[in-house]
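*Asks:*
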Amino acid sequence: CLASGKTSHNPLTPKYPDFSGTVSHVQDNQYEIKGVVTNDKLKYHITEVPYGYDREKYVSILDKLEEDNKIVSYVDSCDESGFNFTVKVTREQKKKAEEDPHAYFKLVKKHSENLTTLDENGKLKVFETVHDLVQYFYSYRVKKAGEFVEFKRQQLAQEIRFIEDKISFITDIVDGAIEISKMKKADVLDYIKDRITNEEYGKSFVNLPIYTMTQEEIDSLNSNLDSKKAELVWWENATAESYYLGQLKEI
5 CLASGKTSHN PLTPKYPDFS GTVSHVQDNQ YEIKGVVTND KLKYHITEVP
55 YGYDREKYVS ILDKLEEDNK IVSYVDSCDE SGFNFTVKVT REQKKKAEED
105 PHAYFKLVKK HSENLTTLDE NGKLKVFETV HDLVQYFYSY RVKKAGEFVE
155 FKRQQLAQEI RFIEDKISFI TDIVDGAIEI SKMKKADVLD YIKDRITNEE
205 YGKSFVNLPI YTMTQEEIDS LNSNLDSKKA ELVWWENATA ESYYLGQLKE
255 I
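According to this note's numbering, the sequence shown is numbered sequentially starting from 5.
What follows is the structure in C-alpha coordinates.
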(Lines of atoms letter the chains of each structure in order from A; the text may use other names.)
(Lines give C-alpha, C1' and ligand atoms only; values in the text may rest on other atoms or scores of the structure.)
Protein backbone atom coordinates (compact mmCIF):
# COMPACT_ATOMS: atom_id res chain seq x y z
CA CYS A 5 0.00 0.00 0.00
CA LEU A 6 1.08 3.61 -0.41
CA ALA A 7 1.23 4.25 3.33
CA SER A 8 4.11 1.81 3.70
CA GLY A 9 5.71 2.75 0.43
CA LYS A 10 4.72 -0.61 -0.99
CA THR A 11 2.34 -1.48 -3.77
CA SER A 12 0.56 -4.56 -4.96
CA HIS A 13 2.52 -6.70 -7.38
CA ASN A 14 -0.60 -7.62 -9.36
CA PRO A 15 0.49 -7.37 -13.00
CA LEU A 16 -1.12 -5.01 -15.45
CA THR A 17 -1.99 -7.41 -18.25
CA PRO A 18 -1.63 -5.90 -21.73
CA LYS A 19 -4.76 -5.65 -23.86
CA TYR A 20 -4.77 -5.67 -27.63
CA PRO A 21 -7.53 -4.33 -29.90
CA ASP A 22 -9.65 -6.93 -31.71
CA PHE A 23 -7.62 -9.79 -30.23
CA SER A 24 -9.69 -12.78 -29.10
CA GLY A 25 -6.87 -14.90 -27.77
CA THR A 26 -5.50 -14.91 -24.23
CA VAL A 27 -2.73 -12.94 -22.53
CA SER A 28 -1.36 -14.32 -19.26
CA HIS A 29 1.35 -13.12 -16.91
CA VAL A 30 4.36 -15.40 -16.59
CA GLN A 31 6.79 -13.48 -14.39
CA ASP A 32 8.01 -9.93 -13.87
CA ASN A 33 7.30 -8.17 -17.18
CA GLN A 34 6.98 -11.42 -19.13
CA TYR A 35 3.65 -12.37 -20.73
CA GLU A 36 2.41 -15.26 -22.81
CA ILE A 37 0.10 -14.61 -25.74
CA LYS A 38 -1.97 -17.49 -27.14
CA GLY A 39 -4.14 -17.79 -30.21
CA VAL A 40 -7.39 -19.74 -30.38
CA VAL A 41 -7.58 -23.35 -31.55
CA THR A 42 -10.42 -25.89 -31.32
CA ASN A 43 -10.60 -29.54 -32.33
CA ASP A 44 -13.10 -31.51 -34.38
CA LYS A 45 -11.94 -35.10 -34.78
CA LEU A 46 -8.96 -34.95 -37.17
CA LYS A 47 -9.34 -31.26 -37.87
CA TYR A 48 -8.19 -28.25 -35.92
CA HIS A 49 -9.78 -24.84 -36.39
CA ILE A 50 -7.52 -21.88 -35.75
CA THR A 51 -9.46 -18.63 -35.44
CA GLU A 52 -6.85 -16.43 -33.77
CA VAL A 53 -3.06 -16.27 -33.89
CA PRO A 54 -0.73 -14.57 -31.37
CA TYR A 55 -0.96 -10.79 -31.47
CA GLY A 56 1.65 -9.39 -33.81
CA TYR A 57 1.38 -12.25 -36.29
CA ASP A 58 -0.19 -11.51 -39.66
CA ARG A 59 -1.67 -13.96 -42.12
CA GLU A 60 1.56 -14.32 -44.13
CA LYS A 61 3.61 -15.08 -41.04
CA TYR A 62 1.26 -17.79 -39.82
CA VAL A 63 0.92 -19.31 -43.29
CA SER A 64 4.70 -19.72 -43.30
CA ILE A 65 4.44 -21.48 -39.92
CA LEU A 66 1.79 -23.87 -41.26
CA ASP A 67 3.90 -24.51 -44.35
CA LYS A 68 6.80 -25.49 -42.08
CA LEU A 69 4.55 -27.79 -40.02
CA GLU A 70 3.39 -29.49 -43.20
CA GLU A 71 6.95 -29.75 -44.45
CA ASP A 72 8.02 -31.34 -41.14
CA ASN A 73 5.16 -33.84 -41.42
CA LYS A 74 3.43 -32.51 -38.31
CA ILE A 75 0.19 -31.82 -40.19
CA VAL A 76 -1.35 -33.26 -43.32
CA SER A 77 -2.59 -30.04 -44.87
CA TYR A 78 -4.46 -26.84 -44.16
CA VAL A 79 -7.10 -24.63 -45.70
CA ASP A 80 -6.73 -20.87 -45.51
CA SER A 81 -10.19 -19.27 -45.18
CA CYS A 82 -9.03 -15.98 -43.71
CA ASP A 83 -11.03 -12.93 -44.74
CA GLU A 84 -11.80 -9.43 -43.49
CA SER A 85 -13.60 -10.85 -40.46
CA GLY A 86 -10.42 -12.45 -39.13
CA PHE A 87 -8.21 -15.52 -39.12
CA ASN A 88 -9.65 -18.86 -40.14
CA PHE A 89 -7.46 -21.87 -40.77
CA THR A 90 -8.59 -25.49 -40.91
CA VAL A 91 -5.76 -27.92 -40.29
CA LYS A 92 -5.98 -31.63 -41.03
CA VAL A 93 -3.90 -34.19 -39.09
CA THR A 94 -3.48 -37.95 -38.87
CA ARG A 95 -4.41 -39.87 -35.76
CA GLU A 96 -0.74 -40.12 -34.83
CA GLN A 97 -0.25 -36.39 -35.32
CA LYS A 98 -3.35 -35.67 -33.27
CA LYS A 99 -1.97 -37.66 -30.31
CA LYS A 100 1.06 -35.37 -30.25
CA ALA A 101 -0.97 -32.24 -30.84
CA GLU A 102 -3.36 -32.99 -27.98
CA GLU A 103 -0.51 -32.80 -25.46
CA ASP A 104 -0.46 -29.02 -26.02
CA PRO A 105 -2.35 -27.79 -29.11
CA HIS A 106 -1.15 -24.19 -28.72
CA ALA A 107 2.49 -25.18 -28.60
CA TYR A 108 2.08 -27.79 -31.35
CA PHE A 109 0.56 -25.30 -33.80
CA LYS A 110 2.95 -22.50 -32.79
CA LEU A 111 0.15 -20.42 -31.30
CA VAL A 112 2.16 -19.26 -28.29
CA LYS A 113 4.26 -16.12 -28.22
CA LYS A 114 6.36 -14.72 -25.39
CA HIS A 115 6.21 -11.00 -24.89
CA SER A 116 8.02 -8.52 -22.67
CA GLU A 117 5.96 -5.49 -21.65
CA ASN A 118 7.89 -2.47 -20.43
CA LEU A 119 6.23 0.74 -19.25
CA THR A 120 7.76 3.81 -20.85
CA THR A 121 7.12 7.26 -19.42
CA LEU A 122 8.70 10.68 -19.11
CA ASP A 123 10.25 11.42 -15.73
CA GLU A 124 10.05 14.70 -13.83
CA ASN A 125 12.87 16.10 -16.00
CA GLY A 126 11.14 15.22 -19.25
CA LYS A 127 13.52 12.36 -19.94
CA LEU A 128 12.49 8.90 -21.08
CA LYS A 129 12.30 6.35 -18.27
CA VAL A 130 11.48 2.66 -18.64
CA PHE A 131 9.91 0.51 -15.91
CA GLU A 132 9.68 -3.25 -16.05
CA THR A 133 6.62 -3.55 -13.81
CA VAL A 134 3.66 -1.48 -12.65
CA HIS A 135 5.01 -1.86 -9.10
CA ASP A 136 8.28 -0.20 -10.10
CA LEU A 137 6.45 2.68 -11.80
CA VAL A 138 4.11 3.30 -8.86
CA GLN A 139 6.98 3.05 -6.37
CA TYR A 140 9.00 5.61 -8.33
CA PHE A 141 6.04 7.98 -8.62
CA TYR A 142 5.19 7.59 -4.94
CA SER A 143 8.78 8.28 -3.84
CA TYR A 144 8.95 11.35 -6.05
CA ARG A 145 5.64 12.74 -4.80
CA VAL A 146 6.63 12.17 -1.16
CA LYS A 147 9.89 13.99 -1.83
CA LYS A 148 8.02 16.96 -3.32
CA ALA A 149 5.55 16.86 -0.42
CA GLY A 150 8.50 17.05 1.99
CA GLU A 151 9.81 20.11 0.18
CA PHE A 152 6.39 21.75 0.46
CA VAL A 153 6.12 20.93 4.17
CA GLU A 154 9.50 22.55 4.77
CA PHE A 155 8.47 25.57 2.69
CA LYS A 156 5.33 26.02 4.81
CA ARG A 157 7.34 25.79 8.03
CA GLN A 158 9.75 28.48 6.88
CA GLN A 159 6.96 30.64 5.50
CA LEU A 160 5.00 30.53 8.75
CA ALA A 161 8.11 31.15 10.83
CA GLN A 162 8.77 34.26 8.75
CA GLU A 163 5.17 35.44 9.10
CA ILE A 164 5.34 34.92 12.85
CA ARG A 165 8.53 36.98 13.11
CA PHE A 166 6.92 39.73 11.05
CA ILE A 167 3.83 39.85 13.26
CA GLU A 168 5.89 39.77 16.48
CA ASP A 169 8.09 42.62 15.25
CA LYS A 170 5.09 44.62 14.14
CA ILE A 171 3.51 44.15 17.56
CA SER A 172 6.75 45.30 19.22
CA PHE A 173 6.89 48.44 17.09
CA ILE A 174 3.27 49.41 17.64
CA THR A 175 3.56 48.60 21.36
CA ASP A 176 6.53 51.00 21.65
CA ILE A 177 4.41 53.71 20.05
CA VAL A 178 1.36 53.02 22.25
CA ASP A 179 3.53 52.91 25.40
CA GLY A 180 5.30 56.13 24.46
CA ALA A 181 8.74 54.58 24.07
CA ILE A 182 8.98 56.32 20.71
CA GLU A 183 7.22 59.42 19.38
CA ILE A 184 7.42 59.08 15.65
CA SER A 185 5.55 62.34 15.06
CA LYS A 186 8.62 64.19 16.37
CA MET A 187 11.18 62.08 14.49
CA LYS A 188 12.59 62.12 11.01
CA LYS A 189 11.91 59.10 8.84
CA ALA A 190 15.59 58.18 8.85
CA ASP A 191 15.63 58.21 12.67
CA VAL A 192 12.55 55.97 12.78
CA LEU A 193 14.25 53.54 10.40
CA ASP A 194 17.34 53.52 12.63
CA TYR A 195 15.14 52.84 15.66
CA ILE A 196 13.45 49.92 13.92
CA LYS A 197 16.81 48.51 12.86
CA ASP A 198 18.39 48.89 16.33
CA ARG A 199 15.42 48.01 18.56
CA ILE A 200 12.91 45.97 16.52
CA THR A 201 14.34 44.04 13.59
CA ASN A 202 17.12 43.97 11.06
CA GLU A 203 14.86 42.30 8.50
CA GLU A 204 14.07 44.15 5.27
CA TYR A 205 10.35 44.14 6.04
CA GLY A 206 11.02 46.39 9.03
CA LYS A 207 11.29 49.34 6.66
CA SER A 208 7.59 48.99 5.87
CA PHE A 209 6.67 49.84 9.47
CA VAL A 210 7.32 53.54 8.86
CA ASN A 211 4.43 53.53 6.39
CA LEU A 212 1.86 52.10 8.81
CA PRO A 213 -1.34 54.22 8.93
CA ILE A 214 -1.76 56.16 12.14
CA TYR A 215 -5.06 54.42 12.90
CA THR A 216 -3.23 51.06 13.18
CA MET A 217 -1.05 52.29 16.03
CA THR A 218 -3.54 51.33 18.73
CA GLN A 219 -4.12 48.73 21.41
CA GLU A 220 -6.94 47.31 19.29
CA GLU A 221 -4.46 46.66 16.49
CA ILE A 222 -2.09 44.98 18.95
CA ASP A 223 -4.91 42.71 20.18
CA SER A 224 -5.83 41.82 16.59
CA LEU A 225 -2.22 41.06 15.75
CA ASN A 226 -1.86 38.86 18.85
CA SER A 227 -4.93 36.89 17.81
CA ASN A 228 -3.46 36.40 14.34
CA LEU A 229 -0.14 35.46 15.92
CA ASP A 230 -1.76 32.71 18.00
CA SER A 231 -3.40 31.35 14.87
CA LYS A 232 -0.13 31.33 12.95
CA LYS A 233 1.69 29.60 15.81
CA ALA A 234 -0.99 26.90 15.98
CA GLU A 235 -0.67 26.41 12.23
CA LEU A 236 3.10 26.14 12.53
CA VAL A 237 2.73 23.43 15.19
CA TRP A 238 0.59 21.45 12.74
CA TRP A 239 3.18 21.72 10.00
CA GLU A 240 6.02 20.88 12.38
CA ASN A 241 4.22 17.66 13.31
CA ALA A 242 3.47 16.81 9.69
CA THR A 243 5.72 14.46 7.75
CA ALA A 244 6.17 14.36 4.01
CA GLU A 245 4.32 11.06 3.83
CA SER A 246 1.43 12.01 6.11
CA TYR A 247 0.87 15.26 4.21
CA TYR A 248 0.94 13.51 0.82
CA LEU A 249 -1.46 10.78 1.90
CA GLY A 250 -3.76 13.40 3.37
CA GLN A 251 -3.83 15.17 0.02
CA LEU A 252 -4.68 11.89 -1.73
CA LYS A 253 -7.67 11.35 0.56
CA GLU A 254 -9.08 14.72 -0.47
CA ILE A 255 -9.07 13.83 -4.15
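C-beta: ideal position from N, C-alpha, C; glycine also.
In this text, all values refer to a predicted model and were calculated from it rather than measured experimentally.
Quick check on GLY126: buried or exposed, where buried means 16 or more other Cβ atoms within 10 Å of its Cβ?
*Replies:* Looking at its Cβ environment, which holds fewer than 16 other Cβ atoms inside 10 Å, GLY126 is exposed.
*Asks:* Does DSSP put PHE152 in a helix, in a strand, or in coil?
*Replies:* Here PHE152 sits in helix by DSSP.
*Asks:* So, helix, strand or coil for TYR20, using DSSP?
*Replies:* TYR20 falls in the coil class under three-state DSSP.
*Asks:* Check the DSSP bridge columns for GLN97 and list the partner residues they point to.
*Replies:* GLN97 pairs with nothing; no bridge assigned.
*Asks:* Where VAL153 and ASP191 are concerned, what is the direct C-alpha to C-alpha distance, given to the nearest angstrom?
*Replies:* Each residue's Cα considered, the two are about 39 Å apart.
*Asks:* Going straight from the alpha carbon of ASP22 to that of ASN88, what length do you get?
*Replies:* Their Cα atoms are separated by approximately 15 Å.
*Asks:* One question on the structure: do VAL130 and THR120 come within less than 8 Å of each other, judged by their Cβ atoms?
*Replies:* Yes.
*Asks:* I'd like the span of the alpha helix (DSSP H) that includes ASN33, first residue to last.
*Replies:* No alpha helix (DSSP H) holds ASN33; DSSP gives it neither H nor E.
*Asks:* If distances are taken between C-alpha atoms only, which option among GLN158, GLU220, GLU124 comes closest to ARG145?
*Replies:* Among GLN158, GLU220, GLU124, the Cα nearest to that of ARG145 is on GLU124.
*Asks:* Using a Cβ distance threshold of 8 Å, determine whether the stretch 54-74 contacts the stretch 33-40, with at least three qualifying pairs required.
*Replies:* Cβ pair count under 8 Å is three or more, so yes.
*Asks:* Taking GLU220 as part of the beta strand (DSSP E), name the residues at either end of that continuous run.
*Replies:* From DSSP, GLU220 is part of no beta strand (DSSP E) but of the alpha helix (DSSP H) over 219-241.
*Asks:* Is the stretch 226-246 touching the stretch 191-208, taking contact as three or more C-beta pairs under 8 Å?
*Replies:* Segments in contact, no.
*Asks:* State buried or exposed for THR42, treating a residue as buried only when at least 16 other CB atoms are found within 10 Å of its CB.
*Replies:* That one is exposed.
*Asks:* In or out: GLU60 buried (at least 16 other Cβ within 10 Å) or exposed?
*Replies:* Classification of GLU60: exposed, given that the 10 Å Cβ count is below 16.
*Asks:* Could you check what DSSP says for GLU52 in three-state terms: helix, strand or coil?
*Replies:* GLU52: strand per DSSP, three-state reduction.
*Asks:* Using the beta-carbon count (16 or more within 10 Å), is LEU122 buried or exposed?
*Replies:* By the 10 Å Cβ count, LEU122 comes out exposed.
*Asks:* Less than 8 Å separating the beta-carbons of VAL76 and TYR48?
*Replies:* Contact flag unset, no.
*Asks:* Counting beta carbon pairs with one atom in the stretch 217-237 and one in the stretch 134-149, are three or more of them shorter than 8 Å?
*Replies:* Segments in contact, no.
*Asks:* Could you tell me how far apart the beta carbons of THR17 and VAL27 are, in whole angstroms, since I believe they sit closer than 8 Å?
*Replies:* Between VAL27 and THR17 the Cβ distance is about 5 Å, and since that is below 8 Å, they are a contact.
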